[in-house]
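One structure is given here, and the rest of the page talks about it.
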Amino acid sequence: MASLTPPSTTLLDKYQGQDTHTLYSTTVTITGGDAGHGRASGKARSDDGNLDLELRLPESLGGAGGGTNPEQLFAAAYAACFHGALTLLATRVGIEVAQAAVSVTVNFARDPVDGLFVLTAHTEVQLPGVERTVAEELVRNTERFCPYTKMARKGIVNIVVLAGNADQA
-9 MASLTPPSTT
1 LLDKYQGQDT
11 HTLYSTTVTI
21 TGGDAGHGRA
31 SGKARSDDGN
41 LDLELRLPES
51 LGGAGGGTNP
61 EQLFAAAYAA
71 CFHGALTLLA
81 TRVGIEVAQA
91 AVSVTVNFAR
101 DPVDGLFVLT
111 AHTEVQLPGV
121 ERTVAEELVR
131 NTERFCPYTK
141 MARKGIVNIV
151 VLAGNADQA
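At position 5 of the sequence shown (counting the first as 1) the number is -5 in this note's numbering, and the numbers step up by one without a gap.
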């Protein structure tokens, strides 16, 4: 197995283009499973097969549990992205953060604005051995740099289309 290495800090260099420049793209497909409902009994599979998970509705929402759910997947992705951004920024300025830990709590909640649903997130960063004022500045800079915090702050470009295999009326 090849040794694992972090990405280059050149990822921090500012992009000067006019349009979005995709660096990586992936597709995950959810199927409904036994209940015919992706959240309750679905399967999540990535286009490269590296992600292959059973989805289950948490017991706290009336489900059987026993699998992961969208909130856990989002929390994992958010925490991994924030940790990666934090590490890149720290490496660039020579701050050692090998013991850093990032925890993200995602809440699936009712939205008082429209009566439907909303996600909220709380991010907690642990930086043992880093002086507090330095750690605070690093976390603030990471908030500005991390694509997930940017998405939470500004929203995300999302285009929803109906695939061509739907029945015609």
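All residues carry an ideal CB built from backbone N, CA and C; glycine is no exception. Note that this is a predicted model, so its numbers are computed, not measured.
> Taking C-alpha atoms, which residue in 84, 111, 116 lies nearest to residue 99?
Replying inline: On the sequence shown, position 109 is the one that residue 99 refers to. Out of 84, 111, 116, 111 has the C-alpha closest to the C-alpha of residue 99.
> If residue 10 sits next to residue 78, beta carbons under 8 Å apart, how far is it from one beta carbon to the other, in whole angstroms?
Replying inline: What you label residue 10 is simply residue 20 of the sequence shown in a count that begins at 1. What you label residue 78 is simply residue 88 of the sequence shown in a count that begins at 1. Contact doesn't hold; Cβ gap of about 20 Å is too wide.
> Does DSSP put residue 33 in a helix, a strand or coil?
Replying inline: Looking up residue 33 in the sequence shown gives position 43. Three-state result, residue 33: strand.
> Under the rule that 16 or more other beta-carbon atoms within 10 Å means buried, what is residue 107, buried or exposed?
Replying inline: The residue labelled residue 107 in the question sits at position 117 within the sequence shown. Flag for residue 107 reads exposed.
> Would the beta-carbon of residue 94 fall within 9 Å of that of residue 66?
Replying inline: Position 104 of the sequence shown, counted from the start, is the residue given in the question as residue 94. Position 76 of the sequence shown, counted from the start, is the residue given in the question as residue 66. Result yes, Cβ atoms of residue 94 and residue 66 sit closer than 9 Å.
> Given a threshold of 16 other Cβ atoms within 10 Å of its Cβ, counted over all protein chains shown, does residue 52 qualify as buried or as exposed?
Replying inline: Locating residue 52 in the sequence shown gives position 62, where the first residue counts as 1. Residue 52 is exposed by the Cβ-count criterion.
> Which of the three DSSP states, helix, strand or coil, is assigned to residue 94?
Replying inline: For the purposes of this step, residue 94 is identified with residue 104 of the sequence shown, where counting begins at 1. Reduced to three states, the DSSP call for residue 94 is strand.
> Hey, quick one: how far does the beta strand (DSSP E) through residue 111 stretch, first residue to last?
Replying inline: By 1-based counting over the sequence shown, the position of residue 111 is 121. Counting along the chain, the beta strand (DSSP E) containing residue 111 begins and ends at 107 to 116.
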